[in-house]
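Visitor: Right, I'll just put the structure down here and ask away after.
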Amino acid sequence: MRWQDLDQQPCSLARTLAVVGDRWTLMILRDCFLGIRRFDDFEKRLGITRHVLTDRLKKLVEHGVLTKVPYQQRPLREEYRLTEKGLELHPLILALVSWGDRHMADERGAPLQHIHKGCGKAMTPVTVCSECGDTVTARDIRVQVGAGWQEQGDEVLP
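Letter by letter, the sequence shown follows residues 1 to 158 in UniProt numbering.
Okay, here's the thing in structure tokens:
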């Protein structure tokens, strides 16, 4: 499987990675969730080249994850804002951050805390079943072929 063909795979993870699966895109999304919106701010915070940043932002806009919104008319200047589709990536970012807090933080602990506005407490994301509300882990889930599966010759399930 070639990287540029991921969006053609009969797998939601592969299709998602085709849009958000490189390190710079994930770092841009992290900054979006931290309130960064302007090109120069992304460039300065990330230390990313203009070419790479332009490419990643363009891709996120093309896929409807970000939208460009004017903040100045003369000259026209635009900022990048998360769309509803983009906001739905928040659980993914939270899960990656939480994993990093547990497995990659140094002895000082997590560099940032995520505070739930509703109760004011530092929170850790959990995955729950949408049907019964029980907490689920990888050991609690069975995978089966769904309606969107198209046989590609590769066996997906053991």
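The C-beta atom is built at its ideal place from N, Cα and C for all residues, glycine as well. Given the structure is predicted, the values throughout are model-derived calculations rather than measurements.
1) If you reduce the DSSP assignment to three classes, tell me which class A122 lands in.
2) Note the first and the last residue of the continuous beta strand (DSSP E) segment covering K59.
3) In three-state DSSP terms, what is R139?
4) Quick check on K68: does DSSP put it in helix, strand or coil?
5) Return yes when the Cβ of Y80 is within less than 8 angstroms of the Cβ of L57, no when it is not.
6) Going by the CB atoms, is the gap between V20 and L89 shorter than 8 angstroms?
7) Beta carbon of E43: closer than 7 angstroms to some heavy atom of the ligand MG?
8) In terms of residues, what are the limits of the beta strand (DSSP E) holding R77?
9) Please identify the residue among I28, Y71, T49, P91 whose C-alpha is closest to the C-alpha of L60.
10) Cβ atoms of F39 and D31: under 8 angstroms apart, would you say?
11) Tell whether a beta-carbon distance below 8 angstroms holds between M104 and H114.
Guide: Well, looking at it:
1) Correct three-state label for A122: strand.
2) Where K59 is concerned, there is no enclosing beta strand (DSSP E), although the alpha helix (DSSP H) it sits in stretches over 50-62.
3) In the three-state scheme derived from DSSP, where H, G and I count as helix and E and B as strand, R139 is classed as helix.
4) Taken through DSSP and simplified to helix, strand or coil, K68 comes out as strand.
5) It is a contact, given that the beta carbons lie within the stated cut-off.
6) Yes, the pair counts as a contact, with Cβ atoms nearer than the cut-off.
7) In terms of ligand content, the structure shown is empty, and the ligand MG therefore cannot be addressed.
8) For R77, the enclosing beta strand (DSSP E) has its first and last residue at 77-82.
9) Nearest C-alpha to L60: I28.
10) Their beta carbons are not under 8 angstroms apart, which means D31 does not touch F39 by this criterion.
11) Not a contact, by the Cβ cut-off of 8 angstroms.
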